[in-house]
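Below: one structure, written as structure tokens.
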Amino acid sequence: MSTESREERALADLAEIAEFATKLTQRTGRLGGFTVQPGSPLATDDSLSSPYELSYAAAACLSAAIDHLHAACALVLNSGFLHLSAPATVTRGTLECASTALWMLAPDASDERISRGLRWYIKDVSDGDTAGAEADIPVPSSLQAKKNDIKAVAEANGLSFDAIKRGYTSTDAVKAAKVALDAFGHPFNLVYQWRLCSGFAHGRSWPRIELAKAAKVAQSGASQDSPAVLRNSYQHVLASTITAGITLLAAIDRYDKLVIAP
């Protein structure tokens with residue numbers, strides 16, 4: 000298959016992902032998009048972790064992941080210009096948010112799901128407090144008060160607060176999500192695609208070197224000794240975008256299974 004044919008195929012695949020993302024936007028930004036049935040496993044998790052409900056944390060991550068995936072597709076397909084770094088930067092948001100949701104929801108045991116949800120809340124309130132302190136903006140309640148509330152929920156469920164108080168990292172979430180995806184034979188390495196996207200987002204040189212290995216186009220009219228023009232390709236964009244889409248789909252499927260009452 001020629002390079003042109005591969006690019007056309009990648010573009011068609013990206014259009015399919017865009018259609019998938021557009022359908023998912025119907026679940027975000029409205030009541031009922033992530034409903035939890037009474038008596039379902041997730042409803043039980045919520046009752047045990049209230050007011051730090053697991054379904055809220057998971058839905059927040061899923062909504063952000065959907066929004067980023069939809070935006071990434073729109074940027075690539077509708078802007079009229081294939082940017083070098085921006086598609087990866089936006090796709091990274093889907094990879095991280097979908098991975099975090101899958102990380103929280105993946106365990107079969109309710110107490111482990113609750114523990115991971117509380118770790119998400121610790122990270123959330125800590126980041127918010129840091130942002131407020133740095134900008135000299137008052138926060139409604141102190142960080143310690145929020146941590147004490149989360150600790151009380153943890154202790155009520157017999158969970159160790161020592162692990163919960165450390166929160167979590169995106170690396171934790173992505174690596175855990177990779178394990179879940181590998182079980183289904185996903186062809187792309189989630190951790191690598193995430194690191195690649197993060198590298199582009201932070202202006203690192205190594206992602207550009209990786210891209211250059213696959214796509215170098217000589218400057219028009221220049222001699223062979225002239226520097227190459229580094230351009231993005233739909234095939235390159237597809238690798239990270241399809242990984243993001245599959246991760247998001249896995250997280251949504253897991254959520255939807257947990258919200259159904261037996």
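Quick note on numbering that gives the first Met the number 0: the sequence shown kicks off at 0 and runs consecutively. Every residue gets a Cβ at the ideal spot worked out from N, C-alpha and C, and that includes glycine.
- Helix, strand or coil for L229, going by three-state DSSP, please let me know. In the sequence shown, the residue the question calls residue 229 occupies position 230. Of the three classes helix, strand and coil, the one that applies to L229 here is strand, per DSSP.
- Query: In three-state terms, what does DSSP make of L158?
  - Reply: For this step, residue 158 is matched to residue 159 along the sequence shown. L158 falls in the coil class under three-state DSSP.
- Excluding five sequence neighbours on each side, which residues of the same chain lie with their C-beta closer than 8 Å to the C-beta of F183? The sequence position of residue 183 within the sequence shown is 184, counting from 1. Same-chain partners within the cutoff: A249.
- Item | Runs of beta strand (DSSP E) wholly within the segment 188–217 (minimum 3 residues, chain order) | Positions of the beta strand (DSSP E) runs, each at least 3 residues long and wholly inside the segment 188–217, are given as 215–217 in order along the chain.
- Task: Starting from G31, follow the alpha helix (DSSP H) in both directions and report where the run begins and ends.
- Result: Walking along the sequence shown from the start, residue 31 turns up at place 32. Premise fails: G31 is in no alpha helix (DSSP H) and is neither H nor E.
- Item | Cβ neighbour criterion (16 or more within 10 Å) applied to Q218 | Taking the sequence shown and counting its residues from 1, the one referred to as residue 218 is at position 219. For Q218, the predicted structure reports a pLDDT of 37, less than 50, and the residue's modelled location is therefore unreliable. A value from the coordinates is still provided. Under this definition Q218 is an exposed residue.
- Query: Cα separation between I245 and N188?
  - Reply: By 1-based counting over the sequence shown, the position of residue 245 is 246. By 1-based counting over the sequence shown, the position of residue 188 is 189. So the two alpha carbons sit approximately 12 Å from each other.
- Query: If you draw a straight line from the C-alpha of L68 to the C-alpha of V35, how long is it?
  - Reply: Within the sequence shown, the letter at position 69 stands for residue 68. Within the sequence shown, the letter at position 36 stands for residue 35. Rounded to whole angstroms, L68 to V35 spans 24 Å at the Cα level.
- May I ask you to report which of helix, strand or coil DSSP gives D224? Sequence index remark: in the sequence shown, residue 224 carries index 225 (1-based). Low confidence applies to D224: its pLDDT is 42, below 50, so where it sits in the model is not reliable, and the reading given next is rough at best. DSSP places D224 in coil when its eight states are reduced to three.
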